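In short: position in the sequence shown from 1, add 57, done, that's our numbering. Quick reminder that beta carbons are idealized off the backbone N, C-alpha and C, glycines included. Since the model is a prediction, treat every value here as computed from it, not as a measurement.
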Amino acid sequence: SGGLRSGSTLARLLDAKVDRRELTSQIGGKVDVRVLDELVRQLDVQLERLAEGLRLEQRNLIASKADATAVDALGLQLAGKADAARTYSLLEGKASVEEVNRSLLDLSSTIGKHSPSDVLTSTAAEQALILESLCSEHLLGRWIWKTGRTKPPSSLVPWNAQNINTNPENFLWEKDRGHITCVAGGLYEISFGFYSHRKPAVQLIVNGEPVISAINSAAYAVHHSSGRLTSVGPHPAGNVTGLTLIDFLALPPRARVSVSFRGEEGAEGFLGLKKL
58 SGGLRSGSTL
68 ARLLDAKVDR
78 RELTSQIGGK
88 VDVRVLDELV
98 RQLDVQLERL
108 AEGLRLEQRN
118 LIASKADATA
128 VDALGLQLAG
138 KADAARTYSL
148 LEGKASVEEV
158 NRSLLDLSST
168 IGKHSPSDVL
178 TSTAAEQALI
188 LESLCSEHLL
198 GRWIWKTGRT
208 KPPSSLVPWN
218 AQNINTNPEN
228 FLWEKDRGHI
238 TCVAGGLYEI
248 SFGFYSHRKP
258 AVQLIVNGEP
268 VISAINSAAY
278 AVHHSSGRLT
288 SVGPHPAGNV
298 TGLTLIDFLA
308 LPPRARVSVS
318 FRGEEGAEGF
328 LGLKKL
């Protein structure tokens, strides 16, 4: 409507404007030319203002059309979103506050049927049994002889280094001492091995008395209580297996276990004890 009004105004002003020469000829010089020029100038100013108003209205119309296009694009984007009915249906499928509270009360009552102290005591007892079983299988010690020299005059092997000791209160060891003290009496698994170019003579001694002798012969391991014999054959690469033994002893409390070695210098060996 604004555009129609501006158009009619412009048409009216253009109709009112006459040609300058025609007007001059009609008045026949009765009016001053300068006055006529001033009237024409004023009319031109009004026409320029009207044209500027038309341009401003045109820009506003273009801007309003751009805003409508943006609104249409936004409407297309919102069309792909969930409507209110779809949202309500999804919310109805969720748990309500009352249902959550009811579930928490059921869980609390279930937990309340069992005393926490009873559960803790039972669990601690089970863990203690498991730990005791595991520890009983790993009460062991192992010591190394590396110097190749024995302690005179009894040729006892000095245990130079401790390789492992999971129960130092039971397996008492001192560096370079010739015996290991087993504080607790009972059944023990014992193992030892000695390596040299020539087969040595080895005795296992408990509290100063020999209990096992390993001698340099084809039938070399002599158990002083049973007389059982074991043989070892030669190997092309030399003394690969060494002189080794695994056996079981019933030791008295605070038993001193030692090994005597008679052979060439430069040998090495180990002694292992495991409490059963």
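query, result
"C-beta atoms of VAL259 and VAL316 nearer than 8 Å", "yes"
"Same chain only: Cβ atoms within 8 Å of GLY86, ignoring 5 sequence neighbours per side", "In this prediction, GLY86 scores a pLDDT of 49, lower than 50, which makes its location untrustworthy; no coordinate-derived value is stated."
"Assigned secondary structure, ALA324 (DSSP; H/G/I helix, E/B strand, else coil)", "coil"
"Beta bridge counterpart(s) of LEU104 as assigned by DSSP", "In the DSSP output, where bridge partners are listed per residue, LEU104 has none listed."
"Check whether LEU308 and VAL263 have beta carbons under 8 Å apart", "yes"
"Distance, LEU191 Cα to GLY250 Cα", "26 Å"
"Start-end ranges of the alpha helix (DSSP H) lying completely within the region 180-265, minimum 4 residues", "none"
"Member of LEU197, ARG159, THR238 whose CA lies at the smallest distance from the CA of ASN224", "LEU197"
"Assigned secondary structure, ARG313 (DSSP; H/G/I helix, E/B strand, else coil)", "strand"
"Cβ-Cβ separation, ARG199 to ILE221 (assumed contact under 8 Å), whole Å", "5 Å"
"Supposed close pair GLY10, TRP230 - CB separation, criterion 8 Å", "This structure gives no information on residue 10, because the portion of the chain shown stretches from 58 to 333."
"Cβ neighbour criterion (16 or more within 10 Å) applied to PHE228", "buried"
"Exposure label - PHE318; buried when at least 16 CB within 10 Å", "buried"
"Contact check, ILE247 vs ASP304, beta carbons under 8 Å", "yes"
"Simplified DSSP assignment, three categories, for LEU333", "coil"
"Backbone CA spacing between ASP175 and ALA181 [nearest angstrom]", "10 Å"
"DSSP three-state assignment for VAL75, whether helix, strand or coil", "Because the pLDDT of VAL75 is 49, which lies under 50, any placement of that residue in the model is unreliable, and the number read from its coordinates should be weighed accordingly. Coil, per DSSP."
"Through-space distance from TYR252 to LEU302, alpha-carbon basis", "12 Å"
"Check whether CYS239 and ALA185 have beta carbons under 8 Å apart", "no"
"Where THR167 falls, given that 16 or more other Cβ within 10 Å makes a residue buried", "exposed"
"Cβ neighbour criterion (16 or more within 10 Å) applied to ALA108", "exposed"
"Secondary structure of VAL268, DSSP reduced to three states", "strand"
"Cβ shell of GLY323 (< 6 Å), same chain only, five flanking positions each side left out", "GLY205"
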